[in-house]
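Each residue of the sequence shown is one higher than the one before, counting from 579 in the working numbering.
We treat Cβ as the ideally placed atom computed from N, Cα and C, and that holds for glycine.
Bear in mind the structure is a predicted one, so any value in this text is a computation, not a measurement.
Shown next, in structure tokens, is the structure this report addresses.
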Amino acid sequence: MKKGKILILYHSETSGASKSILTLKSHAFIFHLIKIPMDFNKAIKPFIKNLHSIFKSKIIIVNSLGVLKNILFLGLFPFLKLTCKKIFIFWHESRWIWEGNIPEKVTLGSIILNKIISYVVRNSINMAVSKYCIKWLKSKFQIKNEIELLYNTIDFNKILKLSKFEGPHYSKKKFKVIMALAAATKRKGFHIFLNVADKTTSNYKFIWIGKNEELGIEETEKIE
């Protein structure tokens, strides 16, 4: 397949999914990437500049809700479908992030936005990074087709080196690990991770992988 046949639309180089895609791109030459900022005004120029690449590509991968909710992409979607393109949506969000980004109050604008996004999701090929995410997608959008489970790229060797498995619970050869992969931000719902850790650390090894972006001293100490 020639370079540019697969187009990836993403909104941030810092997200885990984007890093995985960018790492993959360094080993292959079939991708063309376009960064679409979440801010509408900032997204106009990249869309116009890359319209030729968008319509030329046979496969389009929408990386996350940050691109999916962009009005420019939603407006282009019917034309992309008419040209028989395969459109994938790579989900690495949860209900928590959806509710923080997409208004669902009973206003005309929010109703229209939700209906458009639901139409796009149901008429695309969906991939998700967890079984929890798949369950939420099927419930939220009434998706009948199979959703592919596709984990983010994780360097487990690095994780094992950083983790010290000590204590009576980890003396056996086999034990269970709960791993949280997310930046410690309010947008990610860090309190949900803390609640899980409180309930599980007596029986499981709990590992949090992600940088601290905006938490206070008290919250940081609790994580540590």
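Is residue i buried or exposed, if buried means 16 or more other CB atoms sit within 10 Å of its CB?
i: Asn618; result: It should be pointed out that residue 618 corresponds to Phe in this sequence rather than to Asn. By the 10 Å Cβ count, Phe618 comes out exposed.
i: Ser702; result: buried
i: Leu629; result: exposed
i: His670; result: buried
i: Ile622; result: exposed
i: Tyr588; result: buried
i: Ile662; result: Checking the sequence, you will find Cys at residue 662 rather than Ile. Exposed is the call here.
i: Val755; result: exposed
i: Ser635; result: buried
i: His769; result: exposed
i: Lys751; result: For Lys751, the predicted structure reports a pLDDT of 49, less than 50, and the residue's modelled location is therefore unreliable. A value from the coordinates is still provided. Its Cβ having fewer than 16 others within 10 Å, Lys751 is exposed.
i: Asn773; result: exposed
i: Leu643; result: buried
i: Asn641; result: buried
i: Leu727; result: exposed
i: Leu686; result: exposed
What are the start and end residues of the alpha helix (DSSP H) that includes residue i?
i: Asn692; result: Leu686 to Arg700
i: Phe712; result: In the sequence on display, residue 712 carries Ile and not Phe. Segment Lys709 to Phe719, the alpha helix (DSSP H) holding Ile712.
i: Ile614; result: Note, Ile614: premise wrong, no alpha helix (DSSP H); not H, not E.
i: Ile622; result: Phe618 to Lys627
So residue i is in the beta strand (DSSP E); what residue range does that whole segment cover?
i: Leu585; result: Ile584 to Tyr588
i: Asn704; result: Ile703 to Ala706
i: Asn781; result: Element bounds for Asn781: n/a, residue is neither H nor E.
i: Asn641; result: Ile637 to Asn641
Using three-state DSSP, classify residue i as helix, strand or coil.
i: His670; result: coil
i: Asn679; result: helix
i: Ile725; result: coil
i: Asn773; result: helix
i: Lys659; result: helix
i: Lys664; result: strand
- [ ] Determine contact between the segment 636–656 and the segment 687–703, defined as no fewer than three beta-carbon pairs at a distance below 8 Å.
- [x] yes
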